[in-house]
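In this note's numbering, the protein residues as written are 134 to 362. Even glycine gets a Cβ: it sits at the ideal position worked out from N, Cα and C. The next block holds one structure in the form of structure tokens; read it before the comments.
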């Protein structure tokens, strides 16, 4: 009986190996599978973020992302349960790449660099359409709102906070400054122009915004040399 079970004509061993292979492929902890999954996700996020730059929010469809990435729609839906979530993560991926700022030792300079980098992400091509619609989706849908706060919003706020906290450690930002409020003021001003008024988020606006922040929370010892320069 044992010899017959292992004979070339017996399909059982091949069937068992086929089943084991499927189980391995379904296991996200399997190293080969995890690596492939990461590659696919990165491929999709890069393709989707490119579409966000060129197309309006409504045009960045699952079909368009599937064509641009070369990944099937069924695979997209396996990783991202909705188009909105995929676009949100693609936009977060893009802004994470483009808003890294080196620490120069000067809080005013670093904040200005971050404001410029963030503005380029928000106000580039058709991006404003995506930002406005993601925000609207967050207002309509509580579950999406939680994801929006945990990803895009948290990442951008943390970028501001890291610069301000470093400024505090260097004695350039007052210890009693409410940094959360400062971040709200900066981020809110940019979003107000982008979504509400449509006014330009240009170099003079960013300089004035940064100047207002410095006047409101910088230490006197840091501001004094700035006035004479």
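| query | result |
| --- | --- |
| Separation of residue 244 from residue 237, as counted between CA atoms | 10 Å |
| Presumed contact (8 Å Cβ cut-off) between residue 293 and residue 247, rounded CB distance | 7 Å |
| Coarse secondary structure for residue 333, derived from DSSP in three states | coil |
| Closest by C-alpha distance to residue 345, when choosing among 331, 241 and 265 | 241 |
| Burial state of residue 209 (16 or more Cβ within 10 Å) | buried |
| Three-way DSSP call (helix, strand, coil) for residue 310 in this model | coil |
| Sufficient close CB pairs (3 or more, under 8 Å) joining the region 326-340 to the region 273-282 | no |
| Residue range of the alpha helix (DSSP H) that includes residue 305 | Unbroken run through residue 305: none, as it is neither H nor E. |
| Cβ-based burial, residue 291 [other Cβ within 10 Å; buried from 16] | exposed |
| Contact under 8 Å by Cβ, residue 284 with residue 194 | no |
| Where residue 326 falls, given that 16 or more other Cβ within 10 Å makes a residue buried | buried |
| Whether residue 185 touches residue 223 by CB criterion (8 Å) | yes |
| According to DSSP, residues forming a beta bridge with residue 351 | 306 |
| Distance between residue 306 and residue 180 (C-alpha atoms, nearest Å) | 40 Å |
| Span of the alpha helix (DSSP H) around residue 219 | 216-231 |
| Where the alpha helix (DSSP H) through residue 247 begins and ends | 240-255 |
| Distance CB(residue 267)-CB(residue 219) smaller than 8 Å | no |
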